[in-house]
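Just so you know, the protein sequences line up as chains A and B, in that order. Residue numbers for the first sequence follow the numbering used here, beginning at 2 and rising by one. Residue numbers for the second sequence follow the numbering used here, beginning at -4 and rising by one. Glycine included, each C-beta is placed from N, C-alpha and C at the ideal position. The structure displayed is predicted, hence computed values, not measured ones.
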Amino acid sequence: MADNISVISSDLLGVSYEKIKHKSGTEIYLWQMPEFTTVESYFVTKYGSNYQTFKTKNTEDFITVPEGIAHYLEHKLFENEDSDAMNLFAKTGASCNAFTSKDITAYYFSCNSRFEENLEILLKFVQNPYFTDELVEKERGIISEEINMCDDSPIRLEMKNLYKAMYANHPIKEDIAGTIESIQKINADLLYKCYNTFYNLNNMALFIAGNFDRDKALEICDKFLKPSEDLQIEVKLPNEPREVCQKEVVAYMPIKLPLFMIGIKLEPKDGRTEAERSIIADLAISTVLGNASEFYEQMQKEGLLTCPVGGQASSGKGYSNLVIYGESKDAKAVSQKIIECFEKAKTEINGELFDINKKRVYASALTASNAVSGCVGMMLNSFCNDINAFELLEIVSKVTSEQVKQFIQDNFKEECISFSYILPQEKQ
Amino acid sequence: MSTFFNKTNLNDNVTLLEIYDKKFVSNTVEIKFVSPINRCWRTIKSLVVALLSTSNKNCPKRIDFEKKQLALYDSAIDYDFYTSGNNQIVKLSAKFLNQKFALNGDVIGEQVVRMLLDCIYNPDFSGEAFEHENIASKKQALIDEINNRENDKMVYAIKRCRELAFKGEPCEYDCLGSISDVEEITQKQIFLAYKFLISQCKVEIVLGGGDDFTKIKKMVCDEVLSHEIHGAGEVVYKTYSPLKNQPIELTEYSDVNQAKLVMAFKSDLDDLYAHKITNAIFGGSVTSKLFVNVREKMGLCYSCSSAIIEHKNTMIVICGTNKPAEAKAEILRQFELIKNGDFSKQDIDVVVNMLCSGFMSNYDSLYAIKEWYCTQYARGESFKPEDFYNIFSEIDKDRIVESARSFELDTVYVLDKLENGDNQNGGEN
């Protein structure tokens, strides 16, 4: 079977990349940047911490695995029977790492020489698992310390609490690394079950951006990516109500400056609609709350904010949300003011701010496409949302302030909003 | 490589660094004011650059100033302050897109750079006073930053270790100071600090990016050189920190889930590039002795690494662990092994390859390559990233052992769990 190749271009940015459906089932994305020095490559599976209950066409029933297993698997995959992938990359001078998110796991390297050798290492180690109970046991201490480290992070705790308040059933409310208790249940057999389900090439994608030889890269892909059976993975998610399950959650830590997060629970949509909505959400936040807004001006004058609030739209299998966050000596007062501002924006959007913020989005896309890691990020985003990387720019050019107003009207509803605060212990 | 670098001394007090590469779609102009760290004035100087960054006489209202930047394709005028050796550097900068990406013929770079120069040389003073509301909000920003630093317990532990390691030296103090330092700053002090910055500090101008800088370079140089500077002392970056007679150890306690261990080692040997290899073998890479042993073999931590504080000839080790005593013992044992030459030629080759590869990747980021050449300038050198393949090839095992042996333990700081200290703080010995 021949590869199916398409070239995706942007006249506005003056760049392009290739998307290839490889005969192995893998989606391959190539973005050549000959004027740059480095190459980055990501090998990604659509498997994240949310995928706890699943089956394939070859299994009889759904199985449920412990929280944190996708992340545990990511740690253990680096160690094969006769080598450690980190050492192999180190010998070529490449730097490598991996991450697990709610919906994907990615393994990647960056190098400026011996690219073909590094690509071979990446493709080989991710496709050759070696788990024994002894090796799995060895990792438990390291991951426990990672969990402890994260538990000392006020932002991580704030986020965890927010999701627990927003979601009654969806596994997004659990931490990516799991808990010290949940990871005790992980063993080699379970790791293999997860690996053999999700690390199937029909569920994976390879991304390469930077200065590399395209034909040689594809030769290596042909050699190491072998056609595999599509397992037709099914992931089971519990029913999740539209409303949040808890209005507010407060935790106390040994901190000085209080933190706040506001979570707006959105109804999950398909990839393109989600992508469009995330742009609208971005414009809503920057227009209503950005550093040129009346809101920020007032908060600054009152000494309640000294840097603008941030905002992030996230979506994945069975969930979608918008999180607004910041820090203030009076976190609750600022949160309430934010809600008031969005109430007002349901009827009135500042057209001047809306227009200049559209220029900001254009500048961001341009800057991202001028960096090797930015290009990988754009392709990865397109893979996750099933759109092409430049569609977002088209969407931006067409978004109207009316759409922003409509988004706020549809989603800023009391029953869909949770608040998470981290306050200093002395206020307890 | 198509990166152009040039360094010019415009006069005794003003230096120009130019880093151009056509592949970049954005640009930066930085104007740095360099002076020795002064305990009394450090916080005031930091406040001044924060104030200067949000308005100028031609655009006195912050909100209008912000709108203008956004409309110029998310251009940004920003400030920063930090220490380098025993110096305080305060900086104002502008970042902006290349002119060719303007959609409606807007002039981007020249407008943004004019705003930057007006912020510095035509600020929103009324007589000798800044507008009061700006001062209050920028003071609050510094206070928030001071408080925020304590929110991250590893950042806090590193700060405490630095204070102990560099006690009695100017760099014992950072640029922020304390909350009371900020609160007590007066209008008069702000004005005096501003005058000091523009008339008595060494100035480093940095121009970088992919645009044509002909007009911008002239604009910036003409403006900076039209302001007379007198009495600025020689800037010395390299000031090695003296080793204490006895290592100092301090444990403090907090409500943390994991102890934070930070150790400082000092050297009197002037061999930075050998130190870089020593550091990479010891704790500065994923194949390092600390990563392989403290994390992978003993499972004592998720993260254990080392880094060099270059101008102080000091190496710090950072480790988050629930067994700080065991981790400390193993860290010291691993360092002793390196001092005894217990590492291979392959260990050296691997880290040299990794370091050189990392250096080469600087070419792909405007920020990284700009920082590379600023660092070179502070060292009094002008090496390119690729020069290090030769520089490192001349460093053999004996020189690395000599480098390792030159480092002695100076300070150990532990931020431990409350339950391990019975709520006691300050176990110094």
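If you count every other CB in all the chains shown that lies within 10 Å of the CB of A/PHE44, and 16 or more means buried, which is it?
As a first step, residue 44 of chain A must be located in the first sequence, where it is residue number 43. Buried, because 16 or more other Cβ atoms sit within 10 Å of the Cβ of A/PHE44.
Hey, does B/GLY416 have any beta-carbon neighbour from chain A nearer than 8 Å?
Mapped onto the second sequence, residue 416 of chain B falls at position 421. No, because no Cβ of chain A sits closer than 8 Å to the Cβ of B/GLY416.
Could you check the C-alpha separation between A/GLU1 and A/ARG273 for me, to the nearest Å?
There is no way to answer for residue 1 of chain A, as the model of chain A reaches only from 2 to 429.
Please state whether the Cβ-Cβ distance between B/ILE26 and B/ILE115 is less than 8 Å.
Residue 26 of chain B sits at position 31 when you count from the first residue of the second sequence. Residue 115 of chain B sits at position 120 when you count from the first residue of the second sequence. Against a cut-off of 8 Å, the Cβ pair of B/ILE115 and B/ILE26 comes out as a contact.
Check for me: the beta strand (DSSP E) holding A/PHE44 runs from which residue to which?
By 1-based counting over the first sequence, the position of residue 44 of chain A is 43. Where A/PHE44 is concerned, the enclosing beta strand (DSSP E) stretches over 40 to 46.
Would a C-beta distance cut-off of 8 Å place B/ILE32 and B/PRO165 closer than the cut-off?
As a first step, residue 32 of chain B must be located in the second sequence, where it is residue number 37. As a first step, residue 165 of chain B must be located in the second sequence, where it is residue number 170. A contact, by the Cβ cut-off of 8 Å.
Using the DSSP secondary-structure output, state which residues sit across from B/ALA302 in a beta bridge.
Within the second sequence, the letter at position 307 stands for residue 302 of chain B. B/ALA302 is bridged by DSSP to B/ILE311.
Select from B/ARG394, B/ALA302, B/PRO380 the residue whose C-alpha is nearest the C-alpha of B/GLY353.
Taking the second sequence and counting its residues from 1, the one referred to as residue 353 of chain B is at position 358. The residue with the shortest Cα to Cα distance from B/GLY353 is B/PRO380.
Please state whether the Cβ-Cβ distance between A/GLU68 and A/GLY142 is less than 8 Å.
The sequence position of residue 68 of chain A within the first sequence is 67, counting from 1. The sequence position of residue 142 of chain A within the first sequence is 141, counting from 1. Their beta carbons are not under 8 Å apart, which means A/GLU68 does not touch A/GLY142 by this criterion.
What's the call for A/GLU328, buried or exposed, on a 16-neighbour Cβ count within 10 Å?
Here residue 328 of chain A refers to the residue found at position 327 when the first sequence is read from its first residue. Flag for A/GLU328 reads buried.
Just mark B/LEU501 as buried or exposed, buried being the case when its beta carbon has 16 or more other beta carbons within 10 Å.
Here chain B covers residues -4 to 424 and nothing more, so residue 501 of chain B does not appear.
Could you tell me whether the segment 284 to 294 of chain A touches the segment 49 to 66 of chain B, where touching means 3 or more Cβ pairs closer than 8 Å?
yes
In whole angstroms, what is the alpha-carbon distance linking A/LEU393 and B/VAL396?
Locating residue 393 of chain A in the first sequence gives position 392, counting from the first residue. Locating residue 396 of chain B in the second sequence gives position 401, counting from the first residue. Between the C-alpha atoms of A/LEU393 and B/VAL396 there is a straight-line separation of about 54 Å.
Just how far apart, CA to CA, sit B/ASP207 and B/THR3?
By 1-based counting over the second sequence, the position of residue 207 of chain B is 212. By 1-based counting over the second sequence, the position of residue 3 of chain B is 8. When only Cα atoms are considered, B/ASP207 and B/THR3 end up about 18 Å apart.
Going by DSSP, name the residue or residues bridged to B/ASN385.
Numbered from 1 along the second sequence, position 390 holds the residue referred to as residue 385 of chain B. Paired residue(s): none; B/ASN385 is not in a bridge.
Can you list, in chain order, the residues of its chain whose CB lies under 8 Å from that of B/GLU178, leaving out five sequence neighbours each side?
Taking the first residue of the second sequence as position 1, residue 178 of chain B is located at position 183. Once the five neighbours on either side are set aside, the close Cβ partners of B/GLU178 are LYS134, ILE138.
By the 10 Å Cβ neighbour count, where 16 or more other Cβ atoms means buried, how is A/LYS434 classified, buried or exposed?
In the structure displayed, chain A extends from 2 to 429; residue 434 of chain A sits before or after that span and is not available.
Identify the contact partners of B/VAL96 in chain A, using a Cβ-Cβ distance below 7 Å as the criterion.
On the second sequence, residue 96 of chain B is found 101 positions in, with the first residue counted as 1. The amino acid occupying residue 96 of chain B in the given sequence is Phe; Val does not appear at that position. In chain order: LEU367.
Would you kindly report the start and end of the unbroken alpha helix (DSSP H) that includes B/MET214?
Mapped onto the second sequence, residue 214 of chain B falls at position 219. Run containing B/MET214: 209 to 220, per the alpha helix (DSSP H) assignment.
Within its chain, find whatever has a CB closer than 7 Å to the CB of B/TYR168; leave out the 5 residues flanking it on each side and keep chain order.
The residue you call residue 168 of chain B lines up with position 173 of the second sequence. Same-chain partners within the cutoff: ILE32, ARG34, ARG37.
Is the beta carbon of A/LEU323 sitting closer than 8 Å to the one on A/VAL405?
Residue 323 of chain A sits at position 322 when you count from the first residue of the first sequence. Residue 405 of chain A sits at position 404 when you count from the first residue of the first sequence. Result no, Cβ atoms of A/LEU323 and A/VAL405 do not sit closer than 8 Å.
Which residues in chain B sit within 7 Å of A/GLU147, going by Cβ to Cβ distance?
Here residue 147 of chain A refers to the residue found at position 146 when the first sequence is read from its first residue. TYR297, listed in chain order.
Keeping to the same chain, check which residues put their C-beta closer than 8 Å to that of A/ILE340; ignore five residues upstream and five downstream.
The residue given as residue 340 of chain A occupies position 339 in the first sequence. Within the same chain, A/ILE340 has close Cβ partners ILE263, PHE413, ILE418.
Starting from the C-beta of B/GLU13, find all residues in its chain whose C-beta is less than 6 Å away, skip the five residues before and the five after it, and write them out in chain order.
Reading the second sequence from its first residue, position 18 is the one you call residue 13 of chain B. These residues qualify, in order along the chain: ASN1, LEU202.
Does any C-beta atom of chain A lie closer than 8 Å to the C-beta of B/CYS114?
Position 119 of the second sequence, counting from 1, holds the residue named residue 114 of chain B. No, because no Cβ of chain A sits closer than 8 Å to the Cβ of B/CYS114.
Cβ-heavy atom distance between B/THR309 and the ligand FMN below 7 Å?
This structure lacks the ligand FMN, and indeed carries no ligand of any kind.
Answer yes or no: do B/VAL107 and B/LEU47 have a C-beta to C-beta separation smaller than 8 Å?
Translated into the one-based positions of the second sequence, residue 107 of chain B becomes position 112. Translated into the one-based positions of the second sequence, residue 47 of chain B becomes position 52. Going by C-beta atoms, B/VAL107 is not nearer than 8 Å to B/LEU47.
For A/SER29, report the span of its beta strand (DSSP E) as first-last.
Counting from 1 along the first sequence, the entry for residue 29 of chain A is found at position 28. What sits at residue 29 of chain A in the sequence shown is Ile, not Ser. For A/ILE29, the uninterrupted beta strand (DSSP E) run begins and ends at 28 to 33, by DSSP.
Hey, does A/GLY69 have any beta-carbon neighbour from chain B nearer than 8 Å?
As a first step, residue 69 of chain A must be located in the first sequence, where it is residue number 68. Between A/GLY69 and chain B, the shortest Cβ-Cβ separation is not below 8 Å.
Under a three-way DSSP split, which group does B/ASN424 fall into?
The residue you call residue 424 of chain B lines up with position 429 of the second sequence. Residue confidence for B/ASN424 is low, a pLDDT of 47 falling below 50, so the modelled location carries little weight; the figure read from the coordinates is stated next. Note: B/ASN424 maps to coil in three-state DSSP.
Looking at the secondary structure, which residues open and close the alpha helix (DSSP H) in which A/LYS270 lies?
Counting from one through the first sequence, the residue named residue 270 of chain A turns up at place 269. Per DSSP, A/LYS270 belongs to no alpha helix (DSSP H) and is neither H nor E.
Return the first residue and the last residue of the alpha helix (DSSP H) that A/ILE156 is part of.
What you label residue 156 of chain A is simply residue 155 of the first sequence in a count that begins at 1. Segment 155 to 167, the alpha helix (DSSP H) holding A/ILE156.
Where does A/ALA314 fall in DSSP's three states?
Residue numbering aside, residue 314 of chain A sits at position 313 when the first sequence is read from its first letter. Strand, per DSSP.
Roughly how many whole angstroms lie between the Cα atoms of A/LYS165 and A/VAL251?
Numbered from its first residue, the first sequence carries residue 165 of chain A at position 164. Numbered from its first residue, the first sequence carries residue 251 of chain A at position 250. Approximately 12 Å, taken between the alpha carbons.
To the nearest angstrom, how far is the alpha carbon of B/GLY279 from that of B/CYS314?
Reading the second sequence from its first residue, position 284 is the one you call residue 279 of chain B. Reading the second sequence from its first residue, position 319 is the one you call residue 314 of chain B. One C-alpha to the other measures close to 12 Å.
Taking 8 Å as the threshold (beta carbon to beta carbon), is A/ARG157 in contact with chain B?
Along the first sequence, one-based indexing puts residue 157 of chain A at 156. No, because no Cβ of chain B sits closer than 8 Å to the Cβ of A/ARG157.
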